[in-house]
Amino acid sequence: MAKLTIQKFTEMKAQGSKICIATAYDYPTAALMNKAEIDAILVGDSLFMTVLGNDSTVACTMEDMIHHIKPVVKGAPDTYVIGDMPFGSYNISKEQAIEIATRLMKEGGCDCVKLEGGREMAEKIKAIVDAGIPVMGHLGLTPQTVSKLGGYKVQGKNIEAAKVLLEDALLLQEAGVWSITLEAIPEQLGKLITEKLSVPTIGIGAGRYCDGQVLVFHDMFGLYEKFVPKFVKQYGNLAPEILKGLQEYRKDVKEQTFPEDKHTFGGISEEELKDLW
Ligand code: KIV
Numbered sequence: 024m025a026k027l028t029i030q031k032f033t034e035m036k037a038q039g040s041k042i043c044i045a046t047a048y049d050y051p052t053a054a055l056m057n058k059a060e061i062d063a064i065l066v067g068d069s070l071f072m073t074v075l076g077n078d079s080t081v082a083c084t085m086e087d088m089i090h091h092i093k094p095v096v097k098g099a100p101d102t103y104v105i106g107d108m109p110f111g112s113y114n115i116s117k118e119q120a121i122e123i124a125t126r127l128m129k130e131g132g133c134d135c136v137k138l139e140g141g142r143e144m145a146e147k148i149k150a151i152v153d154a155g156i157p158v159m160g161h162l163g164l165t166p167q168t169v170s171k172l173g174g175y176k177v178q179g180k181n182i183e184a185a186k187v188l189l190e191d192a193l194l195l196q197e198a199g200v201w202s203i204t205l206e207a208i209p210e211q212l213g214k215l216i217t218e219k220l221s222v223p224t225i226g227i228g229a230g231r232y233c234d235g236q237v238l239v240f241h242d243m244f245g246l247y248e249k250f251v252p253k254f255v256k257q258y259g260n261l262a263p264e265i266l267k268g269l270q271e272y273r274k275d276v277k278e279q280t281f282p283e284d285k286h287t288f289g290g291i292s293e294e295e296l297k298d299l300w
């Protein structure tokens with residue numbers, strides 16, 4: 024399968040062909056997604072929680088992002104890769120936003136960048152896009168500003184908030200984003216924004232009418248047990264399987280039933296080694 028492009032994703036919206044995205048943060052997971060023909064991989068700053076064990080994405084750094092984007096790009100050469108811009112790395116100026124987006128593309132090797140925020144980010148988005156870098160926006164529940172939002176809560180639940188989100192989506196589109204992630208908003212608002220925009224919407228907890236869906240890998244496979252949002256569908260429950268395997272391994276080593284003959288190397292006999300004892 025040839026790597027998809029932003030032009031293709033836009034065509035998919037026009038044709039009603041849904042876009043399937045999942046997060047990955049390492050080489051083997053990316054390689055599986057490449058095999059599964061997932062349309063795009065998001066190296067989200069969610070890695071700071073799911074893989075690096077933190078309680079929020081706030082302290083994630085550029086170094087963390089680049090470190091994880093690189094192996095994903097290697098593992099999924101035929102898949103479009105989106106790299107998240109970490110909190111605080113793009114707020115100061117248009118110049119800073121361009122510099123950070125450029126670093127993610129050059130050092131990480133991703134195909135586009137994603138950043139969170141509404142109208143306040145429009146100028147910076149335009150500057151990044153003008154510098155030749157495709158941008159995915161992110162509206163609704165924006166985890167980087169979770170403390171401002173007062174927690175991981177559904178957004179746009181009243182008419183005023185819904186109006187602001189719709190306006191933000193239109194402003195982001197005008198600024199040049201090629202798509203917008205909509206996180207944790209009512210399904211009907213997801214539908215309205217999707218129909219009002221010409222660029223694809225990618226939902227995560229934004230209902231069935233978005234142009235595509237994105238899920239966090241560790242949520243999909245039961246590998247992040249601290250909290251499972253309502254919008255997650257689990258496609259496997261790997262944590263108990265892995266735990267069982269680790270417990271068996273421990274028992275094997277303690278009881279000396281591993282390694283067996285088939286796991287060992289010959290090549291020199293005890294007789295030959297006798298003088299070294
Ligand atoms: O960081 C991330 O994985 C994300 C998704 C939740 C969309 O931004």
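Positions in the sequence shown are counted from 1; adding 23 to them yields this note's numbering. Every residue gets a Cβ at the ideal spot worked out from N, C-alpha and C, and that includes glycine.
CB residue i to CB residue j, shorter than 8 Å?
| i | j | result |
| --- | --- | --- |
| residue 163 | residue 205 | yes |
| residue 148 | residue 222 | no |
| residue 70 | residue 44 | no |
| residue 103 | residue 27 | yes |
| residue 68 | residue 107 | yes |
| residue 211 | residue 226 | no |
| residue 244 | residue 268 | no |
Nearest CA to the CA of residue i: which residue from the options?
| i | options | result |
| --- | --- | --- |
| residue 286 | 295, 294, 276 and 293 | 276 |
| residue 228 | 251, 246, 247 and 219 | 251 |
| residue 214 | 202, 195, 234 and 198 | 234 |
| residue 197 | 51, 145, 60 and 30 | 145 |
| residue 281 | 62, 271 and 289 | 271 |
| residue 170 | 32, 238 and 110 | 110 |
Examine the ligand KIV and report whether any of its heavy atoms sits within less than 7 Å of the Cβ of residue i.
| i | result |
| --- | --- |
| residue 237 | yes |
| residue 90 | no |
| residue 179 | no |
| residue 62 | no |
| residue 69 | yes |
| residue 286 | no |
| residue 227 | yes |
| residue 161 | yes |
| residue 65 | yes |
| residue 190 | no |
Contact defined as beta carbons within less than 8 Å: I believe residue i pairs with residue j. What is the distance between those atoms, to the nearest angstrom?
| i | j | result |
| --- | --- | --- |
| residue 82 | residue 120 | Not a contact, Cβ separation roughly 19 Å. |
| residue 49 | residue 91 | 7 Å |
| residue 54 | residue 25 | Not a contact, Cβ separation roughly 17 Å. |
Identify, in the order they occur along the chain, each residue of the same chain with its Cβ nearer than 6 Å to the Cβ of residue i, setting aside the five sequence neighbours on each side.
| i | result |
| --- | --- |
| residue 208 | 163, 178, 179 and 229 |
| residue 166 | 80 |
Ordered along the chain, which non-local residues of its own chain (more than five positions away) have a Cβ less than 8 Å from that of residue i?
| i | result |
| --- | --- |
| residue 78 | 72 |
| residue 127 | 85, 88, 89, 92, 106, 108, 133 and 136 |
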